[in-house]
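Working notes for the structure below.
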Amino acid sequence: MKYRLSTKKRDNVAMYIEDLAGVLQTNLTTTKQRYTHGRQRIQTSLFCQLAIFSANRPSALLLLRYGDIAVNLLRDPSGGPHRILIEFTKKYLGTKDANTFVLPEIIFDPSLVLSPHVALLGLIFADNAFLAPSLTSAARISELDIPPGYEQLPLHLKPEMADIPVFRKSIRTPYGWEISPDQPLPYTTLLKWMKRLGVLTGFPQITRPYCLRYGAGNAFNQSGDVSDALQNMMMQHAKIDTFIKHYLRRTVTADTRAIVSGYEPQRDLMRAACRMTHWIDPDRPQELTPEESLSVNQDPVVRHLVAEREKWKRRFQGTVTQQPGYRIIGRAIFNTRQRQLSGLLKYVQERWDLEHPVNEIERQLSGLKLSQDVKTTLNQNDEMPPRKLRPRSGDNHLLRRDMKGKKGKKVSDQKGQQVGEEVVRVRAEKRFEYFLRLGKPLWRMSECYGLSILAVLPKEVTETR
Numbered sequence: 001m002k003y004r005l006s007t008k009k010r011d012n013v014a015m016y017i018e019d020l021a022g023v024l025q026t027n028l029t030t031t032k033q034r035y036t037h038g039r040q041r042i043q044t045s046l047f048c049q050l051a052i053f054s055a056n057r058p059s060a061l062l063l064l065r066y067g068d069i070a071v072n073l074l075r076d077p078s079g080g081p082h083r084i085l086i087e088f089t090k091k092y093l094g095t096k097d098a099n100t101f102v103l104p105e106i107i108f109d110p111s112l113v114l115s116p117h118v119a120l121l122g123l124i125f126a127d128n129a130f131l132a133p134s135l136t137s138a139a140r141i142s143e144l145d146i147p148p149g150y151e152q153l154p155l156h157l158k159p160e161m162a163d164i165p166v167f168r169k170s171i172r173t174p175y176g177w178e179i180s181p182d183q184p185l186p187y188t189t190l191l192k193w194m195k196r197l198g199v200l201t202g203f204p205q206i207t208r209p210y211c212l213r214y215g216a217g218n219a220f221n222q223s224g225d226v227s228d229a230l231q232n233m234m235m236q237h238a239k240i241d242t243f244i245k246h247y248l249r250r251t252v253t254a255d256t257r258a259i260v261s262g263y264e265p266q267r268d269l270m271r272a273a274c275r276m277t278h279w280i281d282p283d284r285p286q287e288l289t290p291e292e293s294l295s296v297n298q299d300p301v302v303r304h305l306v307a308e309r310e311k312w313k314r315r316f317q318g319t320v321t322q323q324p325g326y327r328i329i330g331r332a333i334f335n336t337r338q339r340q341l342s343g344l345l346k347y348v349q350e351r352w353d354l355e356h357p358v359n360e361i362e363r364q365l366s367g368l369k370l371s372q373d374v375k376t377t378l379n380q381n382d383e384m385p386p387r388k389l390r391p392r393s394g395d396n397h398l399l400r401r402d403m404k405g406k407k408g409k410k411v412s413d414q415k416g417q418q419v420g421e422e423v424v425r426v427r428a429e430k431r432f433e434y435f436l437r438l439g440k441p442l443w444r445m446s447e448c449y450g451l452s453i454l455a456v457l458p459k460e461v462t463e464t465r
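Structure representation (structure tokens):
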């Protein structure tokens with residue numbers, strides 16, 4: 001143990017349907033999880049739903065195309081209302097055969113947050129992917145009927161969209177963020193989103209896309225409706241040994257005491273005890289306080305790097321940003337601070353996990369009852385970003401500084417063409433609220449858009465660089 005490395009195998013954290021419901025609720029209600037485009041929030045929900053219902057590998061599911069999807073209006077054999085039936089075929093690279101998953105609509109589902117029909121149909125309508133020109137909304141589907149003698153009514157998608165990925169990344173344009181027409185969503189981006197959603201939901205465990213595959217695999221394995229052969233086919237395993245070695249949780253989920261004693265197993269209680277949701281702590285720190293964040297600046301390594309950067313500033317006055325060494329030091333400061341912040345947050349959370357239950361026990365045993373102010377649910381909604389600040393008319397500092405930092409210069413756009421003060425003000429207003437919503441440094445607006453954005457924003461805001 002020279003480097004104190006652990007030989008313990010990482011637990012395969014399984015996310016069950018109850019756990020996913022909390023994550024999806026957080027995704028749809030919180031303002032702390034921010035996306036570059038509103039579609040990404042719906043895509044995240046749809047991915048989680050399809051992943052847990054099919055147990056597909058995340059990287060393979062992200063390549064799902066419209067050509068792999070079939071939507072049908074199916075007649076209910078029980079005589080109820082017609083059902084929307086979604087079929088998607090997941091193809092794999094190499095010699096593996098493709099699997100087709102059939103997801104029927106659940107009428108009177110108590111929670112639409114778990115319905116892939118809502119999310120998928122929303123994306124299809126947003127992309128105008130239905131072949132029928134008049135089929136433009138969910139309300140139009142409710143007007144459809146199945147002709148006598150038929151069991152279904154196919155709702156075909158446009159053939160020209162067969163190769164378009166359903167999950168697509170967002171790209172930066174001169175007018176803001178837009179959804180790429182044909183580039184799939186990267187796994188690394190989805191992984192970052194799910195980790196953040198797990199933190200906001202209150203899970204102490206790291207939430208990964210593979211948690212959905214683990215949860216689905218365990219649910220299939222415990223179901224009497226899924227044979228070993230069917231499970232192997234769905235999960236693309238050659239034999240059941242692969243599941244036992246890599247997917248089966250090390251935690252025994254059976255009520256062994258009741259089984260050995262001859263009692264009826266407490267299945268609901270055991271399922272609740274093995275879910276991720278029973279670890280949720282609504283008060284667990286999710287972020288560092290401003291004071292804790294500033295404390296990393298006192299780290300000896302950070303202080304040394306900052307001192308070196310100041311030497312470069314004094315040595316190369318006016319041209320320091322053009323020096324490669326200066327940029328290397330800047331990156332080193334940023335990376336060091338991020339490592340310190342991550343380590344400090346982990347330390348704070350570990351202390352909370354250890355001390356908070358003890359303090360709660362002592363408080364209750366001292367005679368204090370639970371306060372009505374104690375949170376019983378997650379605070380998923382944060383305050384919305386402040387309204388955009390309009391520049392004050394008549395101020396003399398509207399054009400006080402351009403991108404190069406020289407006073408009296410006229411403002412130029414990305415093409416080098418001079419633009420007037422009113423044009424700059426209008427463009428700045430369009431981007432100001434957007435950057436606030438993303439939580440990005442405002443001074444980067446000028447670098448991103450080639451405009452002297454800082455010149456038209458209030459002075460008290462721009463000088464917080």
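Going by UniProt numbering, the sequence shown opens with residue 1, and the numbers climb by one from there. Cβ coordinates follow ideal geometry from the N, Cα and C atoms, glycine included. If you're wondering where the values come from, they're calculated on a predicted model, not measured in any experiment.
Span separating the alpha-carbon of residue i from that of residue j
| i | j | result |
| --- | --- | --- |
| residue 481 | E178 | For the chain, the structure presents residues 1 to 465; residue 481 sits outside this window and is missing. |
| L103 | I328 | 52 Å |
| H397 | K313 | Confidence is the limiting factor: at H397 the pLDDT is only 33, short of 50, which leaves the residue's position unreliable, though a coordinate-based value still follows. Cα to Cα, H397 sits roughly 27 Å from K313. |
| A21 | P300 | 44 Å |
| S342 | E18 | 29 Å |
| G176 | S170 | 10 Å |
| C48 | A272 | 21 Å |
| S134 | L144 | 11 Å |
| residue 516 | Q364 | Because the chain is modelled from 1 through 465, residue 516 falls outside the range shown and cannot be assessed. |
| Q152 | L64 | 24 Å |
| Q298 | Q322 | 28 Å |
| K311 | V320 | 10 Å |
| L368 | I361 | 10 Å |
| A129 | N12 | 38 Å |
| residue 466 | T277 | Outside the displayed range of the chain (1 to 465) lies residue 466, so it cannot be described from this structure. |
| A132 | V348 | 56 Å |
| M384 | N218 | The predicted model places M384 with a pLDDT of 43, which falls under 50 and marks its position as unreliable, so this point remains unresolved. |
| A14 | P209 | 10 Å |
| G262 | E292 | 54 Å |
| R267 | P357 | 27 Å |
| G224 | A119 | 29 Å |
| D228 | P265 | 23 Å |
| L230 | T100 | 12 Å |
| L185 | Q222 | 32 Å |
| K346 | R172 | 33 Å |
| G439 | P324 | Per-residue confidence for G439 stands at a pLDDT of 47, beneath the threshold of 50, marking its modelled position as unreliable; the derived number appears in the next sentence. When rounded, the distance between both Cα atoms is 28 Å. |
| S111 | P290 | 38 Å |
| T29 | Q205 | 21 Å |
| K32 | P174 | 26 Å |
| Q183 | I42 | 17 Å |
C-beta contact flag for residue i and residue j at 8 Å
| i | j | result |
| --- | --- | --- |
| Y214 | P58 | no |
| K192 | T207 | no |
| F220 | M234 | yes |
| E87 | A70 | yes |
| L46 | P116 | yes |
| D68 | T89 | yes |
| Y66 | L157 | yes |
| A51 | L212 | yes |
Identity of the residue in the options nearest residue i by Cα
| i | options | result |
| --- | --- | --- |
| I141 | L121, G67, D19 and E292 | L121 |
| V154 | N72, L288 and I84 | For the record, residue 154 in the displayed sequence is Pro; it is not Val. P154 has its Cα closest to that of N72, out of N72, L288 and I84. |
| L305 | A332, I69, F125 and S295 | A332 |
| M161 | L144, L123, A138 and M194 | L123 |
| R34 | Q338, R303, N359 and L190 | L190 |
| R39 | F167, A138 and Q152 | F167 |
| E308 | T321, Y326 and Q317 | Y326 |
| P147 | M234, L74 and A216 | L74 |
| Y150 | K346, L28 and H82 | H82 |
| V296 | Q183, L269, P165 and R339 | R339 |
| N27 | V113, G80, D76 and L50 | V113 |
| E355 | S180, A138, M270 and D281 | D281 |
| E105 | R41, P184 and G80 | G80 |
| A98 | G224, L85, H237 and F334 | H237 |
| V302 | R275, L294 and T336 | T336 |
| D127 | L85, P324, P181 and F316 | P181 |
| S78 | L269, I107 and R275 | I107 |
| L62 | P165, A138, T136 and L24 | P165 |
Residue i beta carbon near the ligand FMN (any heavy atom closer than 7 Å)
| i | result |
| --- | --- |
| D225 | Looking for the ligand FMN in the displayed structure turns up nothing, as the structure carries no ligands at all. |
Next item on the list: Please specify which runs of the alpha helix (DSSP H), each continuous and at least 4 residues long, are wholly inside the segment 38-68, giving them in chain order.
Entry: 38-54 and 58-61
Notebook entry, point to check: Counting Cβ pairs closer than 8 Å, one from the segment 281-288 and one from the segment 194-209, do we hit at least three?
Noted result: yes
Check: Which residue spans inside the segment 168-247 form an unbroken beta strand (DSSP E) run of at least 3?
Finding: 168-173 and 176-184
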